[in-house]
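*Asks:* Quick note, the sequences are listed as chains A and B, same order. If you're matching positions, the first sequence starts at 1 in UniProt numbering and goes up one per residue. If you're matching positions, the second sequence starts at 1 in UniProt numbering and goes up one per residue. Note that CB positions come from ideal geometry on N, CA and C, so glycine has one too. Below is a structure I'd like to ask you about.
Number of protein chains: 2
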Amino acid sequence: MNALDEITESFSRLPGIGKKSAARISNYLLRTDALFMERFSQQIANLQKRIRPCSVCGSWTENDPCPICCDSTRDRSVVCVVEQPQDVATIESSHEFHGLFHVLGGVIAPLEGIGPDQLSIPRLCERVKSEGIKEVIIATNPTVEGDTTALYIQQILKDSGVSITRLASGLPVGGDLEYADKLTLARSFRGRSSF
Amino acid sequence: MNALDEITESFSRLPGIGKKSAARISNYLLRTDALFMERFSQQIANLQKRIRPCSVCGSWTENDPCPICCDSTRDRSVVCVVEQPQDVATIESSHEFHGLFHVLGGVIAPLEGIGPDQLSIPRLCERVKSEGIKEVIIATNPTVEGDTTALYIQQILKDSGVSITRLASGLPVGGDLEYADKLTLARSFRGRSSF
Numbered sequence: 001m002n003a004l005d006e007i008t009e010s011f012s013r014l015p016g017i018g019k020k021s022a023a024r025i026s027n028y029l030l031r032t033d034a035l036f037m038e039r040f041s042q043q044i045a046n047l048q049k050r051i052r053p054c055s056v057c058g059s060w061t062e063n064d065p066c067p068i069c070c071d072s073t074r075d076r077s078v079v080c081v082v083e084q085p086q087d088v089a090t091i092e093s094s095h096e097f098h099g100l101f102h103v104l105g106g107v108i109a110p111l112e113g114i115g116p117d118q119l120s121i122p123r124l125c126e127r128v129k130s131e132g133i134k135e136v137i138i139a140t141n142p143t144v145e146g147d148t149t150a151l152y153i154q155q156i157l158k159d160s161g162v163s164i165t166r167l168a169s170g171l172p173v174g175g176d177l178e179y180a181d182k183l184t185l186a187r188s189f190r191g192r193s194s195f
Numbered sequence: 001m002n003a004l005d006e007i008t009e010s011f012s013r014l015p016g017i018g019k020k021s022a023a024r025i026s027n028y029l030l031r032t033d034a035l036f037m038e039r040f041s042q043q044i045a046n047l048q049k050r051i052r053p054c055s056v057c058g059s060w061t062e063n064d065p066c067p068i069c070c071d072s073t074r075d076r077s078v079v080c081v082v083e084q085p086q087d088v089a090t091i092e093s094s095h096e097f098h099g100l101f102h103v104l105g106g107v108i109a110p111l112e113g114i115g116p117d118q119l120s121i122p123r124l125c126e127r128v129k130s131e132g133i134k135e136v137i138i139a140t141n142p143t144v145e146g147d148t149t150a151l152y153i154q155q156i157l158k159d160s161g162v163s164i165t166r167l168a169s170g171l172p173v174g175g176d177l178e179y180a181d182k183l184t185l186a187r188s189f190r191g192r193s194s195f
């Protein structure tokens, strides 16, 4: 196996990249400027050394605590609970939320041996108690596991006096009724709002 | 911009990878084993140092001349002319051809200033004269530029006494007449064969 085959195999290990795409990328890299290659190689070598989970919220960061946790202009009374570190970037890019985050690190999945203690749910309870949080917005995915986890967090926090909300689930904007699945449609009925 | 954003930007520069896919890959890399990261980084750093064009046929190789040019079991009387180095790997994976290759390095494109001399067409003529080649199979893409280049090579080699052929163009196997475009259909009529 030569260097070209080796790098193609490495690329095809990445999510969303098949054998053909990997070969196309390797061939592109052979023609690209050497400076980019040098920098790209360094970025990969250093990624895991430079990026770590924030000790407060659990999102990926270069400096601990992360810039969001340190930002004094953000609303420190609202915390948005997400499944994965990358969900923080997704929500940030919408510019819709200006509070703090809390990354669970997954969802409750008993069959895979993932219970509340394998996630950062105990740490969330601590934060709610000690940081003066008034609202917890649960933004786990609208899947069976995400809903279960949301319900569990709601149960465990319901006596703490904070307001607990869940992101709305329903028809995506720009979507078409015709192509909506039954469950999404059912949920959009249940969650209907008055004008 | 932190290390995560930097690497995401690098990935989104690669062909076929958009912003979302790049972010997904970066997040995957944060969780992957450090050994893979180390090896992957090295592969990128060394790729352009280890892989170069073969001085005989022009395909990518670690050792010059390439394994195909050096392989004494291959039929040295037939040469298959392709546009790009990666086309060699595609044809090799079909196990259909057992001769030698010749990589043009592109197609004739006067508007972009690419004429026969910018491609390795003069070198092909030399090889045909000196290497005892009996058949030249032109495997440029069935596009306007690929066809033009094929025709040019046919013209320039027609007095050299070698047989010059072109890969068949027509309906792809497993395809459907209904979905074939007009040009492909026209070409499959012109290239029809008797049973």
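(1) Can you say whether Phe40(A) is buried or exposed, counting buried as having 16 or more other CB atoms within 10 angstroms of its CB?
(2) Quick check: is the beta carbon of Phe40(A) nearer than 9 Å to any beta carbon in chain B?
(3) Residues in the same chain with beta-carbon distance under 8 Å from Arg74(A), minus the five sequence neighbours each way, listed in chain order, please.
(4) Rounded to the nearest angstrom, how far is the Cβ of Glu126(A) from that of Val107(A), given a contact under 8 Å?
(5) With which residues is Gln7(A) paired in a DSSP beta bridge?
(6) Taking the C-alpha atoms as reference points, what is the distance between Asp87(B) and Ala186(B)?
(7) Give me the Cα-Cα distance between Glu6(B) and Arg50(A), rounded to the nearest whole angstrom.
(8) Would you kindly work out how many angstroms separate the C-alpha atoms of Ile164(B) and Pro85(B), rounded to a whole number?
(9) Below 8 Å on the Cβ atoms is my contact criterion, and I expect Ile153(A) with Ile121(A) to pass it. Report the Cβ-Cβ distance as a whole number of Å.
(10) Would you mind telling me which residues of chain B sit closer than 8 Å to Ile51(A), beta carbon to beta carbon, in chain order?
(11) How many whole angstroms separate the CB atoms of Ile44(B) and Ile44(A), which I take to be in contact at a CB cut-off of 8 Å?
(12) Any C-beta of chain A within less than 8 Å: which residues of the region 137-149 of chain B qualify?
(13) Just the C-alpha distance for Glu92(A) and Asn2(B), rounded to the nearest angstrom, thanks.
(14) So for Thr149(A), helix, strand or coil by DSSP?
(15) Just mark Thr143(A) as buried or exposed, buried being the case when its beta carbon has 16 or more other beta carbons within 10 Å.
(16) Just to confirm my understanding: we take Val78(A), look at its own chain, exclude 5 residues before and 5 after, and list those with CB closer than 6 Å. What are they?
(17) For Tyr179(A) and Val128(A), I'd like the C-alpha separation in whole angstroms.
(18) Please report the distance separating the alpha-carbon of Ala109(A) from that of Thr140(A).
(19) Going along the chain, which residues of its own chain have a beta-carbon closer than 6 Å to the beta-carbon of Val56(A), five neighbours each way excluded?
(20) Run the CB neighbour count on Ala168(A), radius 10 Å, all protein chains shown included, and call it buried at 16 or more, exposed below.
(21) CA-CA distance, Ser26(A) and Phe11(A)?
(22) For Ala22(B), which residues from the same chain have a beta carbon less than 6 Å from its beta carbon, with the 5 sequence-adjacent residues on both sides left out?
(23) Which whole-angstrom value is the C-beta distance of Trp60(B) and Leu30(A), which I expect to be below 8 Å?
(24) Under DSSP, the beta strand (DSSP E) around Cys80(A) begins and ends at which residues?
(25) Shorter than 9 Å from the beta carbon of Ile7(B) to some beta carbon of chain A?
(26) Please classify Gly161(A) as buried or exposed, where buried requires at least 16 neighbouring CB atoms within 10 angstroms.
(27) Can you check the region 33-74 of chain A for any alpha helix (DSSP H) of at least 4 residues that lies completely inside it and give the ranges in chain order?
(28) Going by Cα to Cα distance, which pick from Thr184(A), Leu119(A), Asp159(A), Leu157(A) is closest to Gly105(A)?
(29) Are the C-beta atoms of Gln86(A) and some chain B residue less than 9 Å apart?
(30) If I follow the unbroken alpha helix (DSSP H) through Val128(B), where does it start and stop?
*Replies:* Well, looking at it:
(1) buried
(2) yes
(3) Ile68, His98, Gly99, Leu100
(4) In fact, because the Cβ distance is near 20 Å, the residues do not count as touching under 8 Å.
(5) Rather than Gln, the amino acid found at residue 7(A) in this sequence is Ile. Beta-bridge pairing links Ile7(A) to no other residue.
(6) Computed Cα separation, rounded: 25 Å.
(7) Near 12 Å, if we compare the C-alpha coordinates of Arg50(A) and Glu6(B).
(8) 21 Å
(9) 7 Å
(10) Asn2, Ala3, Leu4, Leu30
(11) 7 Å
(12) none
(13) If you draw a straight line from the Cα of Glu92(A) to the Cα of Asn2(B), it is about 15 Å long.
(14) helix
(15) exposed
(16) Excluding its 5 nearest sequence neighbours in each direction, Val78(A) has C-beta neighbours in its own chain below 6 Å: Gly99, Glu135, listed in chain order.
(17) Distance between the alpha carbons of Tyr179(A) and Val128(A): 40 Å.
(18) The C-alpha of Thr140(A) is placed about 13 Å away from the C-alpha of Ala109(A).
(19) Apart from sequence neighbours up to five positions away, the residues of its chain that approach Val56(A) with a beta-carbon distance below 6 Å are Pro65, Cys69, ordered along the chain.
(20) exposed
(21) One Cα belongs to Ser26(A), the other to Phe11(A), and the distance between them is close to 8 Å.
(22) So the list reads Thr8, Phe11, Ser12, once near-sequence residues are dropped.
(23) 6 Å
(24) DSSP places Cys80(A) inside the beta strand (DSSP E), whose first and last residues are 78-82.
(25) Yes, contact with chain A.
(26) exposed
(27) 34-50, 67-70
(28) Leu119(A)
(29) For Gln86(A), the answer is yes, since a Cβ of chain B falls inside 9 Å of its Cβ.
(30) 121-130
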